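Numbers -15 to -1, 1 to 143, taken from mature numbering (1 follows the signal peptide of the UniProt record, and there is no 0), label the letters of the sequence shown in order.
Glycine is no exception: its CB is placed at the ideal position from the N, C-alpha and C atoms.
In this text the structure is predicted, and so the values were computed from the model without any measurement.
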Amino acid sequence: MHISIPLLHWHFCQGLMCFLCRDHVYVCNLSTQEFLEVPYSIKLRSVRNFALGYLPSTSEYKIVHWFRETDSNDVQQLVCQIFTIKEGGSNAQGSWRVIGNSPDFCWGSGFPISLNGSIYWFGNDHRNNGDPMNIYTFDLATEEYKTVVSPNLFRPFP
């Protein structure tokens, strides 16, 4: 398998690779080498980060895409959109949907990981850059966020 266009972001989950090339998202089954092109979204031009997660209870994969958007008051806010793919789906039907209530966080180092129906990543509160790193989680079933209190090793020294 050879990909000749630049990959901007990529994520692995349950044998699938999801990647962004320019402003298109593709999902590749690594064992069968089948590709699936996800329908276009204008929001993909403003990538902040994205992840691929698997929800065992519904046999669905969800592509979760976070980006910043400026509202009518010229205030930037973090927005999340989701695209759902049924396991075994050979085409990506459906559309991206925006969900509300995204916490205003900054991404830490590393990539998000998917585990047991949730996506996890390091970050801190966007409003307080002096805050220590936290572990954030996004539940793929409820599509809600939680913050896991980080261990003391992420806290600044006194």
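Three-state secondary structure (DSSP) at M2? strand
Alpha carbon of A36 to alpha carbon of L5, nearest angstrom: 11 Å
Shortest alpha-carbon distance to Y39 belongs to which of Y11, Y105, Y130 and N101? N101
Boundaries of the beta strand (DSSP E) in which N119 is found, first to last residue: N119 to D124
Would Y130 pass as a contact of P88 if the rule is Cβ separation under 8 Å? yes
Neighbour-count burial assignment, G(-1), 16 or more Cβ in a 10 Å radius: exposed
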